[in-house]
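Numbering-wise, the sequence shown is residues -23 to -1, 1 to 260 according to mature numbering (1 follows the signal peptide of the UniProt record, and there is no 0). As structure tokens, the structure follows; a few thoughts come after it.
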Amino acid sequence: MVAALLAALAGAALLSGPAPAVAARPGAAPSGGGVPTREAAPAHFTGQAFDTCDAPSLEVMRAWRSSPYGAVGIYFGGRGRGCPVQRELTPAWVASVNAMGWRLLPLFVGSQAPCVVSPAKRPFAIGGSPWSQGTREGAEAVREARALGLDVSSPLYLDIEAYRQGDAPCAATTLSFVRAWNREVRRLGYLPGFYSSADTGVRDIEEQRKAGTKDLPAVMWFARWRGRPSLYSESVLDPQAWMPHARIHQYTGNVNESHGGRRLFIDRNVMDAPVARVTAPAS
């Protein structure tokens, strides 16, 4: 099964356009507040992807076109980013990389669960008003995306790092923040995605999906580092949840890899999910 999946992913590298629209999740908020949005079917990519803390230079991205990867995760915003400076990540970089054929997975690392495991993320804990904070940061994510030339209907992936299991108040605060972020991102015409540990954030969101909770993510990016992909067989997700075209599995992390003579420190992913739509640069 694993060998067949890897073979399929290695051969797929498929961008559909126009792609089938992702089905609306329960509780999707309608546009409102006088903010115009344009409806467009999300673009999808099926294949292998990598993410790395700092956006690589254009030279590295050209060299890595020889790799098996077809998509790259970019940490485009949020106060909790591990690499907040992002010298390479500009509208010109986005347009150039898109023109090379790369597909983009925009990651927003904002406020984190109050019981987040990583000491480095604890200064960014969600405060006492998680719904209003999530709304503000959802609007921030859309502003940052627009500034880079990421068009409406692009997915924006909210990164919530692993947090303490079994802490119900912490999980409830985090859920409120995530739902508000999702609602605002949807309201402004973008597609809310969610990245987290399979055993914490993903498990909790799946339980909320089963309960019929509103304002949940449209796309699920789950981290379980077992060294092999299980895109369609993750144990904490119902087999029909976030299907079709709405899953990413980060299956290995913190590895060095070289292609075209250039080395990067990356996480490895397989995906069948939406990717960013890039605004054509002005002529």
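Ideal placement from N, C-alpha and C gives every residue a C-beta, glycine not left out. Bear in mind that the values here come from a model prediction, so they are computed numbers and not experimental data.
- Using a Cβ distance threshold of 8 Å, Phe154 and Ser88 count as a contacting pair.
- DSSP places Ser153 outside any beta strand (DSSP E); the residue lies instead in the alpha helix (DSSP H), whose first and last residues are 145 to 164.
- Out of Gly24, Pro221, Gly78, the CA that lies nearest to the CA of Arg39 is found in Gly78.
- In the displayed model, Gln227 falls within a strand according to three-state DSSP.
- Take the alpha-carbon of Ala149 and the one of Ala223: they are about 24 Å apart.
- Selection His236, Val255, Tyr209, Gln185 evaluated against Trp198 yields Tyr209 as nearest (Cα-Cα).
- Using a Cβ-Cβ distance cut-off of 8 Å, the segment 21 to 40 and the segment 240 to 253 are in contact, since at least three pairs of beta carbons, one from each stretch, lie closer than that value.
- In the DSSP assignment, Tyr172 is bridged to Asp136, Trp198.
- Taking C-beta atoms under 8 Å as the contact rule, Leu133 and Val94 fail to qualify, at a distance of about 24 Å.
- In the three-state reduction of the DSSP assignment, Val49 falls in the strand class, which pools E and B.
- The continuous alpha helix (DSSP H) containing Met77 extends over residues 68 to 77.
- If you draw a straight line from the Cα of Asn233 to the Cα of Arg58, it is about 20 Å long.
- The closest CA to that of Trp202, considering only Val179, Met220, Gln227, is found on Gln227.
- Shown here for Asp176: same chain residues with a beta carbon closer than 8 Å to its own, the five before and five after excluded, namely Ala139, Gln142, Arg201, Val213 in chain order.
- In the pairwise beta carbon analysis, the segment 41 to 48 is classified as touching the segment 19 to 28: at least three pairs are separated by under 8 Å.
- A buried status is given to Lys98, since no fewer than 16 other beta-carbon atoms sit within 10 Å of its beta-carbon.
- The bridge partners DSSP lists for Pro83 are Ile51.
- Spatial neighbours of Gly238 in its own chain (CB-CB distance under 8 Å, excluding positions within 5 residues in sequence) are listed in chain order as Ala40.
- Of the candidates Gly189, Asp136, Ala116, Pro194, Ala116 places its Cα closest to the Cα of Leu165.
- In the DSSP assignment, Thr112 falls within the alpha helix (DSSP H) that extends over 107 to 124.
- In this structure, DSSP gives Gln63 a state outside helix and strand, which the three-state scheme calls coil.
- If you draw a straight line from the Cα of Pro206 to the Cα of Asn246, it is about 8 Å long.
- About 5 Å separates the beta carbons of Phe85 and Gly55, which is inside the 8 Å limit, making them a contact pair.
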